[in-house]
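Read in order, the letters of the sequence shown correspond to residues 8 to 226 in this note's numbering. Ideal Cβ placement from N, Cα and C applies to all residues, glycine included. Below is one structure, written out as structure tokens; the observations come after it.
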Amino acid sequence: MKICPTCNRTYADETMNFCLDDGSTLSYHYDRDKAPSLPPTMLHAPAPTEVFSPESMPSDSRGSFITTIQSLQPPPLYSAKPEALPTQRAPGNRWVSITLGACVALLLGILGIVWLAQRDGSDSPLVRVTPSPSPTATKEAGIWKERNDAASLTGENLTYYPGTTPEQCQSDCAKNPECKGYTFIRKGAYNPGDPPMCYMASRVDGESAHSCCISAVKR
């Protein structure tokens, strides 16, 4: 059954939603007389909770009274990481290290011996250097006239080049059949930075006295 909340008109037809008198929305009518009654046990309030104190308990049971509730601790989520065992080296690695160390020591010893030998070659028994003989100026009969240590030749040049010693210049001229004489100019004779020079002449007309040069003429 539905009822109008404004005029309290009731309607038996539950399909009706609005009051025919004032147009209010109908609601279901609750009849308390027809409502089912609750059992007697459900109508009474529950008994109050009794709180015990240590003073009100018998003396022989006070020692077993628990004042604090302890909850169980959950197990750990992760187990402890085991300690790593010390690494043991294989026996073969030790022999490899010993072999490499011996090779390095041998190589250093060889390099030290070579370095000592090169530092002083004259005293070292391992390295012996024999200097090559340098040409000497000789007065060979029928080839050279007497050498003049303070003169230069005049005539026609065959060739010239940086020289080392007057003996070398004379030896080069002796080997060349077109060379008739030579003039060796000393190092720095004209300028301090000038190198020594060797001039070979294809024709000799005479000599010119000068302290710069050393000259000789073939016979």
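query, result
"Residues in its own chain within less than 7 angstroms of Ala144 by CB, not counting five upstream and five downstream?", "Any reading at Ala144 is ruled out, since the residue's pLDDT is 43, under 50, leaving its predicted position unreliable."
"Please report the distance separating the alpha-carbon of Asp156 from that of Ser218.", "7 angstroms"
"According to DSSP, is Thr106 helix, strand or coil?", "helix"
"Does the beta-carbon distance from Cys26 to Thr17 come in below 8 angstroms?", "no"
"What does the alpha-carbon distance come out to for the pair Ile221 and Thr171?", "13 angstroms"
"Assuming Pro169 is part of the beta strand (DSSP E), what are its boundary residues?", "Ala158 to Pro169"
"Starting from Ser178, follow the alpha helix (DSSP H) in both directions and report where the run begins and ends.", "Pro173 to Lys182"
"Tell me where the beta strand (DSSP E) around Phe191 begins and ends.", "Gly188 to Ile192"
"Excluding the 5 residues preceding and the 5 following Asp212 in the sequence, name in chain order all residues of the same chain whose CB lies nearer than 6 angstroms to its CB.", "Thr161 and Gly162"
"Determine the extent of the beta strand (DSSP E) in which Cys205 is found, giving its start and end residues.", "Met204 to Ala216"
"Look up Asn15 in the DSSP assignment and say whether it is helix, strand or coil.", "coil"
"Give the straight-line distance between the Cα atoms of Val136 and Asn100, rounded to the nearest whole angstrom.", "Only weak support exists for where Val136 lies, its pLDDT of 42 falling under 50; the coordinates are left without a value."
"Going by DSSP in three states, Asn24 sits in which element: helix, strand or coil?", "coil"
"Would you mind giving the Cβ-Cβ distance between Ser215 and Ala158, rounded to the nearest angstrom? I have them listed as a contact below 8 angstroms.", "6 angstroms"
"May I have the straight-line CA-CA distance separating Glu185 from Asp179, to the nearest angstrom?", "11 angstroms"
"For Ile150, which three-state DSSP category applies?", "coil"
"By Cβ distance below 6 angstroms, which residues in the same chain neighbour Thr190 in space, the five residues on each side in sequence not counted?", "Ser159, Leu160, Tyr206, Cys220 and Ser222"
"Who does Ala223 pair with in a DSSP beta bridge?", "Tyr189"
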